[in-house]
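To start, the structure under review is shown below, and the notes come after it.
Numbering (the working numbering), first residue to last: 156 to 528.
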């Protein structure tokens, strides 16, 4: 009895730590959303708290969603994974027909003053389905390339097409990378991994060169100073913000780049504003929180009772981690601009709610036992 009690205590402690990290990041995000957006919000809407208020509402919805997911029977989550994918994919595809373009992208429905981005939930549903399929049909003892793989790859292809058409190339890259990582986790051979890579690399290359704006982004990434007042302006201002912060930063609320120098300062490039205000030391602590999120999430995956739960937890945590890494690389000019937000911190209601969906699903998956399937 004491051994079981000890195990339960350890699991509860691990779960509490995993839940605490995204909550802490969410609070940090609210603080810096206000700092980064207040000047812009005051100029555009006459209310310095405009973006903070909306993100607070999204935070509340996200927290409630995470809480209510605890009460959903585990079998309904995984047995209906294909249904959740179909619903979210259909709604996301609807944005291509009825959504109003914003900054050249058709990703959002506008409802009662709020913008909803269904693709954020499509990525969660896709990871859920990928984990379910791999657990049921893929193992080191089974051949990977079987007829059952055809509809599965077709589903990933449809998802990628819908995301790219919006366009949302960053989410497509993140999702496919996560799926490829899960293939490796379930134990497919190195030869099969090489075959998958040989298919994906030409595909992504073709996608990059298929649109002129992606090629322009690539050229800007290689030499932003070739057009410092045009295409290279955003990344140059981002680097100036990060460099201005030096070791300890300019101080909370003291960013200079938020005064209409750095575009998307409270969304995709909030990392740069944070670096400017709290410096490399502060950014170091922030990145430690993300590392802990990955570590605790990976630990949950290792100790989950059910194999499909373990796979989903690993996929979900990898997805958030890859998005975090890509956002940091974009802001520091190490990869081309992709339009990816910093998880739990950047302004964006749909993204934040979807991230809390992930936290809730991870927690529910970890708590699942064989007797409740």
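Glycine is no exception: its CB is placed at the ideal position from the N, C-alpha and C atoms.
Given the structure is predicted, the values throughout are model-derived calculations rather than measurements.
Pairwise C-alpha distance: residue 225 and residue 285: Locating residue 285 in the chain shown gives position 130, counting from the first residue. Locating residue 225 in the chain shown gives position 70, counting from the first residue. Taking the straight line joining both Cα atoms gives about 21 Å.
Could you pull out every residue in the same chain whose Cβ sits closer than 8 Å to the Cβ of residue 355, ignoring the five residues on either side in sequence? Position 200 of the chain shown, counting from 1, holds the residue named residue 355. The residues are 331, 335.
Can you give me the C-alpha to C-alpha distance between residue 488 and residue 428, rounded to a whole angstrom? Working through the chain shown from its first residue, we reach residue 488 at position 333. Working through the chain shown from its first residue, we reach residue 428 at position 273. Between residue 488 and residue 428, the alpha-carbon positions lie close to 14 Å from each other.
What are the partner residues of residue 397, as DSSP defines its beta bridges? Residue mapping note: residue 397 aligns to position 242 of the chain shown, counting from 1. Residue 397 is not bridged to any residue.
Just to check my reading of the structure: residue 401 and residue 434 have Cβ atoms closer than 8 Å, yes? What is that Cβ distance to the nearest angstrom? Counting from one through the chain shown, the residue named residue 401 turns up at place 246. Counting from one through the chain shown, the residue named residue 434 turns up at place 279. Right, their Cβ atoms sit about 6 Å apart.
Is it the case that the region 206-224 contacts the region 453-463, given that we only count it when at least three CB pairs across the two stretches are under 8 Å? no
Among 415, 333, 313, which has the Cα closest to the Cα of residue 479? Within the chain shown, the letter at position 324 stands for residue 479. When each option's Cα is compared against that of residue 479, the closest is 333.
Straight-line gap, residue 220 to residue 508 (C-alpha atoms, nearest Å): Within the chain shown, the letter at position 65 stands for residue 220. Within the chain shown, the letter at position 353 stands for residue 508. Rounded to whole angstroms, residue 220 to residue 508 spans 8 Å at the Cα level.
Rounded distance between the beta-carbons of residue 519 and residue 229, thought under 8 Å: Taking the chain shown and counting its residues from 1, the one referred to as residue 229 is at position 74. Taking the chain shown and counting its residues from 1, the one referred to as residue 519 is at position 364. The pair is a contact, with the Cβ atoms about 6 Å apart (cut-off 8 Å).
Report buried or exposed for residue 168, applying the criterion of at least 16 other Cβ atoms within 10 angstroms of its Cβ. Counting from one through the chain shown, the residue named residue 168 turns up at place 13. Residue 168 comes out exposed.
Looking at C-alpha atoms only, which residue of 396, 494, 499 is the closest neighbour of residue 318? What you label residue 318 is simply residue 163 of the chain shown in a count that begins at 1. That would be 494, whose Cα lies nearest to the Cα of residue 318.
Could you check whether the region 462-469 touches the region 441-448, counting it as contact only if at least three pairs of C-beta atoms, one from each stretch, sit closer than 8 Å? no
If you reduce the DSSP assignment to three classes, tell me which class residue 193 lands in. By 1-based counting over the chain shown, the position of residue 193 is 38. Three-state result, residue 193: helix.
Applying the 10 Å Cβ sphere with the 16-neighbour rule, what's the burial state of residue 515? Here residue 515 refers to the residue found at position 360 of the chain shown. It counts as buried.
Contacts around residue 376, its chain only, beta-carbon distance under 6 Å, and the 5 residues preceding and following it disregarded: Sequence index remark: in the chain shown, residue 376 carries index 221 (1-based). Only 491 meet the Cβ criterion.
Simplified DSSP state of residue 415, which is helix, strand or coil: Taking the chain shown and counting its residues from 1, the one referred to as residue 415 is at position 260. DSSP places residue 415 in coil when its eight states are reduced to three.
Fully enclosed by the region 159-245, which alpha helix (DSSP H) runs are 4 residues long or longer? 205-224, 229-234
Please say whether residue 452 and residue 264 have beta carbons closer to each other than 9 Å? Residue 264 sits at position 109 when you count from the first residue of the chain shown. Residue 452 sits at position 297 when you count from the first residue of the chain shown. Cβ atoms of residue 264 and residue 452: not closer than 9 Å.
Unbroken stretches of the alpha helix (DSSP H), 4 residues or longer, contained in the region 319-404: 324-340, 345-365, 367-377, 388-400
Measuring alpha carbon to alpha carbon, tell me which of 234, 271, 238, 232 ends up nearest residue 249. Counted from its first residue, the chain shown places residue 249 at position 94. Among 234, 271, 238, 232, the Cα nearest to that of residue 249 is on 271.
Following the continuous beta strand (DSSP E) through residue 499, name the residue where it begins and the one where it ends. The residue labelled residue 499 in the question sits at position 344 within the chain shown. It is not in any beta strand (DSSP E) - residue 499 carries neither H nor E in the DSSP assignment.
One question on the structure: do residue 281 and residue 311 come within less than 9 Å of each other, judged by their Cβ atoms? To locate residue 281, count along the chain shown from 1; it is residue 126. To locate residue 311, count along the chain shown from 1; it is residue 156. Yes, they are a contact pair.
Residue 473 and residue 304: beta carbons closer than 9 Å? Within the chain shown, residue 473 is the residue found at index 318, counting from 1. Within the chain shown, residue 304 is the residue found at index 149, counting from 1. No, the Cβ-Cβ distance between residue 473 and residue 304 is not below 9 Å.
Beta-carbon proximity check, residue 404 vs residue 436, cutoff 9 Å: Working through the chain shown from its first residue, we reach residue 404 at position 249. Working through the chain shown from its first residue, we reach residue 436 at position 281. Cβ atoms of residue 404 and residue 436: closer than 9 Å.
If we call anything under 9 Å between Cβ atoms a contact, is residue 344 one with residue 425? Locating residue 344 in the chain shown gives position 189, counting from the first residue. Locating residue 425 in the chain shown gives position 270, counting from the first residue. The answer is no: Cβ separation not under 9 Å.
Cutting at 7 Å between CB atoms, please list the residues of its own chain near residue 339, excluding the five before and the five after it. As a working mapping, residue 339 is identified with position 184 in the chain shown. Excluding sequence neighbours, residue 339 sits near 348.
Tell me whether residue 270 sits in a helix, a strand or coil according to DSSP, three-state version. Position 115 of the chain shown, counting from 1, holds the residue named residue 270. Strand at residue 270.
Look at the Cβ atom of residue 353, then the Cβ atom of residue 486, and state whether they are nearer than 9 Å. Taking the chain shown and counting its residues from 1, one reaches residue 353 at position 198. Taking the chain shown and counting its residues from 1, one reaches residue 486 at position 331. The answer is no: Cβ separation not under 9 Å.
What residues are listed by DSSP as bridge partners for residue 265? To locate residue 265, count along the chain shown from 1; it is residue 110. The partner list for residue 265 (beta bridge, DSSP) reads 270.
Every unbroken alpha helix (DSSP H) within the region 435-513, with a cutoff of 4 residues, ordered by chain: 462-486
Going by C-alpha to C-alpha distance, which of 287, 208, 202 sits closest to residue 238? Along the chain shown, read from residue 1 onward, the residue named residue 238 stands at position 83. Nearest in C-alpha terms to residue 238, of all of 287, 208, 202, is 287.
Between the Cα of residue 342 and those of 365, 313, 292, spot the shortest distance and give me the residue it belongs to. As a first step, residue 342 is located in the chain shown; it is residue number 187 there, counting from the start. Ranking 365, 313, 292 by Cα distance to residue 342 puts 292 first.
Check whether the Cβ atoms of residue 415 and residue 188 sit closer than 9 Å, and answer yes or no. Your numbering for residue 415 matches position 260 in the chain shown. Your numbering for residue 188 matches position 33 in the chain shown. By the CB criterion at 9 Å, residue 415 and residue 188 fall outside the cutoff.
Assuming residue 261 contacts residue 314 under a Cβ cut-off of 8 Å, what Cβ separation, rounded to an integer in Å, is found between them? On the chain shown, residue 261 is found 106 positions in, with the first residue counted as 1. On the chain shown, residue 314 is found 159 positions in, with the first residue counted as 1. Rounded to whole angstroms, the Cβ separation of residue 261 and residue 314 is 16 Å, and the two are not in contact under 8 Å.
Residue of 208, 182, 275, 232 minimising C-alpha distance to residue 247: Along the chain shown, one-based indexing puts residue 247 at 92. Taking only the C-alpha atoms, the option nearest residue 247 is 275.
Leaving out five residues before and five after residue 523 in sequence, what residues of the same chain have Cβ atoms less than 8 Å from its Cβ? Against the chain shown, residue 523 aligns to sequence position 368. Excluding residues within five positions, the ones whose Cβ falls inside 8 Å are 229, 459, 460, 461, 464.
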